[in-house]
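Line order of the protein sequences matches chains W and Z.
Residues 6 to 145, numbered by the numbering used here, are exactly what the first sequence covers, in order.
Residues 6 to 145, numbered by the numbering used here, are exactly what the second sequence covers, in order.
Structure first, commentary second.
There are 2 protein chains.
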Amino acid sequence: MFSIGQLSKQTGVKVPTIRYYEQVGLLVSAGRTEGNQRRYDKEGLERLGFIRHARDLGFSIEAISALIDLQQHPDRSCQEATEIAQDQLADVREKLRRLTALETELVRISEGCDGDGSSNDCYVLTSLADHRHCRTEHYC
Amino acid sequence: MFSIGQLSKQTGVKVPTIRYYEQVGLLVSAGRTEGNQRRYDKEGLERLGFIRHARDLGFSIEAISALIDLQQHPDRSCQEATEIAQDQLADVREKLRRLTALETELVRISEGCDGDGSSNDCYVLTSLADHRHCRTEHYC
DNA sequence: CCTTGAAGCTCTAGTGACTAGAGGTTGTAG
DNA sequence: CTACAACCTCTAGTCACTAGAGCTTCAAGG
Numbered sequence: 006m007f008s009i010g011q012l013s014k015q016t017g018v019k020v021p022t023i024r025y026y027e028q029v030g031l032l033v034s035a036g037r038t039e040g041n042q043r044r045y046d047k048e049g050l051e052r053l054g055f056i057r058h059a060r061d062l063g064f065s066i067e068a069i070s071a072l073i074d075l076q077q078h079p080d081r082s083c084q085e086a087t088e089i090a091q092d093q094l095a096d097v098r099e100k101l102r103r104l105t106a107l108e109t110e111l112v113r114i115s116e117g118c119d120g121d122g123s124s125n126d127c128y129v130l131t132s133l134a135d136h137r138h139c140r141t142e143h144y145c
Numbered sequence: 006m007f008s009i010g011q012l013s014k015q016t017g018v019k020v021p022t023i024r025y026y027e028q029v030g031l032l033v034s035a036g037r038t039e040g041n042q043r044r045y046d047k048e049g050l051e052r053l054g055f056i057r058h059a060r061d062l063g064f065s066i067e068a069i070s071a072l073i074d075l076q077q078h079p080d081r082s083c084q085e086a087t088e089i090a091q092d093q094l095a096d097v098r099e100k101l102r103r104l105t106a107l108e109t110e111l112v113r114i115s116e117g118c119d120g121d122g123s124s125n126d127c128y129v130l131t132s133l134a135d136h137r138h139c140r141t142e143h144y145c
């Protein structure tokens with residue numbers, strides 16, 4: 006049996022975050038000692054490891070909830086799990102596309118200016134003032 | 006002179022967002038009509054355009070505040086503006102690095118599973134349960 | 001001049017995924 | 001048995017908005 010602090014050390018998830026996961030229903034309410042402190046077993050550890058890994062991969066709490074539901078109903082097809090993963094992949098690719106466009110603009114803006122001179126003709130500032138200089142469509 | 010709605014249409018920034026920018030000090034408080042409605046001139050329009058563009062490029066409200074300060078003190082060197090832009094670029098590149106690693110993992114996870122079979126041997130779920138399968142370091 | 005309704009106003013609360021802090025209680029090593 | 005690290009709950013703060021309630025004003029048509 007682990008205390009919340011030991012669980013935290015083993016998974017790298019901060020103590021308040023573990024309590025937060027319980028609060029929002031991602032983790033089943035842990036058993037308690039007589040003095041009301043949480044105690045976890047191996048299953049709790051694995052569950053938190055799963056959550057941690059999924060969060061690292063950018064899955065939302067909602068998506069992780071859905072994945073955990075699937076784990077607990079092994080009779081259901083894994084098609085849903087695959088769909089969730091592919092949605093997440095599409096999401097990541099969209100973000101990559103946008104960030105790449107941003108990178109292009111920021112390089113253009115940063116390089117136009119050598120840092121000398123006064124700010125009333127600073128290329129950074131004039132570029133930001135006028136979108137028409139941009140060579141890519143970008144938005145976040 | 007523009008109403009807040011006209012300003013919104015011209016810049017693509019939503020009306021409540023414009024009011025929010027005023028509240029947090031990004032936009033100078035607008036002049037008002039006798040009936041207390043905001044009225045903007047060309048300067049207000051340009052300022053909001055600047056903010057919009059900078060937000061699109063992912064600059065934080067705080068960074069934009071600093072950039073606006075620089076605009077209003079043309080005597081100060083534009084080195085600071087360049088620094089802010091380069092910080093933002095470094096930020097974007099770091100995000101790109103992470104997202105690329107995530108993409109690799111998600112492709113691996115999604116492709117391992119054909120969507121058939123029951124979820125107790127679903128590759129998506131077992132991959133999420135065990136980080137050791139991963140081929141890249143990833144975290145967000 | 002009067003009515004109507006779109007657009008404006010302020011204020012509060014909610015979003016996601018935590019994080020920080022106050023103020024009190026429990027577990028455990030020495 | 002004592003000291004104190006670790007635990008507990010609860011509230012509020014973060015960022016950049018967004019939504020909604022309940023009210024007022026502006027402008028066009030009759």
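Every residue, glycine too, gets a C-beta built ideally from N, C-alpha and C.
Check                                                                                                                                                                              : Outcome
For S13/W, which residues from the same chain have a beta carbon less than 7 Å from its beta carbon, with the 5 sequence-adjacent residues on both sides left out?                 : K19, V20 and I23
With a threshold of 8 Å between beta carbons, is V97/W in contact with chain Z?                                                                                                    : yes
A86/Z and C83/W look like a contact to me (Cβ under 8 Å); what is the Cβ gap, rounded to whole Å?                                                                                  : The pair is not a contact, with the Cβ atoms about 51 Å apart (cut-off 8 Å).
How would you list, in chain order, the residues of chain Z whose beta-carbon sits under 9 Å from the beta-carbon of E67/W?                                                        : Within 9 Å Cβ-Cβ: nothing; E67/W doesn't reach chain Z, min ~15 Å.
Among L101/W, A90/W, E99/W and S34/W, which has the Cα closest to the Cα of A59/W?                                                                                                 : A90/W
Can you tell me which of G40/Z, A68/Z and G10/Z puts its alpha carbon nearest to the alpha carbon of V129/W?                                                                       : A68/Z
If you draw a straight line from the alpha carbon of C145/W to that of G17/Z, how long is it in whole angstroms?                                                                   : Residue confidence for C145/W is low, a pLDDT of 44 falling below 50, so the modelled location carries little weight; the figure read from the coordinates is stated next. Spanning the two alpha carbons is a distance of roughly 14 Å.
Of all Cβ atoms in chain Z, is any one closer than 8 Å to the Cβ of H136/W?                                                                                                        : yes
Exposed or buried, which one is G63/W when buried takes at least 16 other CB atoms within 10 Å?                                                                                    : buried
Which one of R137/Z, G10/Z and Q76/Z has the shortest CA to CA distance from A134/W?                                                                                               : Q76/Z
In this structure, how does DSSP classify R140/Z when only helix, strand and coil are distinguished?                                                                               : coil
Verify whether the separation of the beta carbon atoms of L111/W and V97/Z is less than 8 Å.                                                                                       : yes
Which residues in chain Z have a C-beta closer than 7 Å to the C-beta of Q91/W? List them in chain order.                                                                          : S115
Taking the alpha helix (DSSP H) that D135/Z falls in, what are its first and last residues?                                                                                        : No alpha helix (DSSP H) contains D135/Z, which DSSP labels as neither H nor E.
Just grab the DSSP bridge partners of F55/Z for me.                                                                                                                                : Looking at the DSSP assignment, F55/Z forms no beta bridge with any residue, so it has no partner.
Less than 8 Å between the beta carbons of I9/W and R57/W, yes or no?                                                                                                               : no
Kindly indicate the opening and closing residues of the alpha helix (DSSP H) around Q91/W.                                                                                         : Q84 to E116
Where does C145/W fall in DSSP's three states?                                                                                                                                     : Residue placement at C145/W is flagged as unreliable, the pLDDT there being 44, under the threshold of 50; the coordinate-derived value follows with that caveat. C145/W: coil per DSSP, three-state reduction.
According to the Cβ coordinates, are A104/W and L107/Z closer than 8 Å?                                                                                                            : Here the sequence assigns Leu to residue 104/W, which means Ala is not the residue at that position. No, the Cβ-Cβ distance between L104/W and L107/Z is not below 8 Å.
So for G169/W, helix, strand or coil by DSSP?                                                                                                                                      : What the structure shows of chain W is the stretch from 6 to 145, and residue 169/W is not part of that stretch, so it cannot be assessed.
Out of T38/Z, I66/Z and N41/Z, state which residue places its alpha-carbon closest to the alpha-carbon of V29/Z.                                                                   : I66/Z
Kindly list the residues whose CB is nearer than 6 Å to the CB of Y45/Z, restricted to its own chain and excluding five residues on each side of it in sequence; keep chain order. : F7, L12 and A35
So E110/Z contacts chain W; which residues on that side make the cut at Cβ distance below 7 Å?                                                                                     : L62
By Cβ distance, which residues of its chain are closer than 8 Å to R37/W, with the 5 residues on each side in sequence left out?                                                   : R43 and R44
Using DSSP's beta-bridge definition, name the partner residues of R44/W.                                                                                                           : G36/W
Does any residue of chain W have a CB that is nearer than 8 Å to the CB of K14/Z?                                                                                                  : no
Pick from G40/Z, R137/Z, G49/Z and E39/Z: whose alpha carbon is nearest that of L31/Z?                                                                                             : G49/Z
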